[in-house]
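J.: Residue 1 is where the sequence shown starts when you use UniProt numbering, and the numbers rise one by one after that.
All residues carry an ideal CB built from backbone N, CA and C; glycine is no exception.
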Amino acid sequence: MWNGAPPPPPMGAAPPPPGTTGVGLPPPPPPPAAGAPQAAQPLTPAELEAQLTEKARKWHQLNSKRYGDKRKFGFVEAQKEDMPPEHVRKIIRDHGDMSSKKYRHDKRVYLGALKFVPHAVYNY
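1. Does DSSP classify Ser99 as helix, strand or coil?
2. Specify, as a first and last residue, the run of the alpha helix (DSSP H) that Glu81 falls within.
3. Just curious, the alpha helix (DSSP H) that Asn3 is in, first and last residue?
4. Please state whether the Cβ-Cβ distance between Leu62 and Gln51 is less than 9 Å.
5. Please list the terminal residues of the continuous alpha helix (DSSP H) segment that includes His60.
6. If you run the structure through DSSP and keep just helix, strand and coil, what is His87?
7. Among the residues of its own chain, which have a CB less than 6 Å from the CB of Pro45, if the five just before and after it don't count?
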């Protein structure tokens, strides 16, 4: 165009890519993969259970470090004990109203923490 070269040929006049012309049959399909089963037969419930157990065992083995106890400097930190239900009930009874001016700054914290209080605490 600007450099004096001839314009490209129109799209309909372009030659087809090599290998697409000719009078012949389409290429054969690729051979099946070596690991793929030839005919998938339904597994019995016992085989399914064994397969599931094996997968669970492998998953646990691979992820035991990922989801195991966290160690800090070689020491396993003990988990905190749950608060006794009576103590949690007292907190709910004392702070349950939340309309008091005494708790106006803590309202967001307490309301956010309510989702962590187990349902069983309310059954008294």
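T.: Reading off the structure:
1. In the structure shown, Ser99 sits in coil (DSSP, three-state: anything other than H, G, I, E or B).
2. Where Glu81 is concerned, there is no enclosing alpha helix (DSSP H), given that its DSSP letter is neither H nor E.
3. Where Asn3 is concerned, there is no enclosing alpha helix (DSSP H), given that its DSSP letter is neither H nor E.
4. With a cutoff of 9 Å on beta-carbon distance, Leu62 and Gln51 are scored as not near each other.
5. Where His60 is concerned, the enclosing alpha helix (DSSP H) stretches over Pro45 to Tyr67.
6. His87: helix per DSSP, three-state reduction.
7. If we look at Pro45 and ignore the five residues flanking it on each side, it has no Cβ neighbours.
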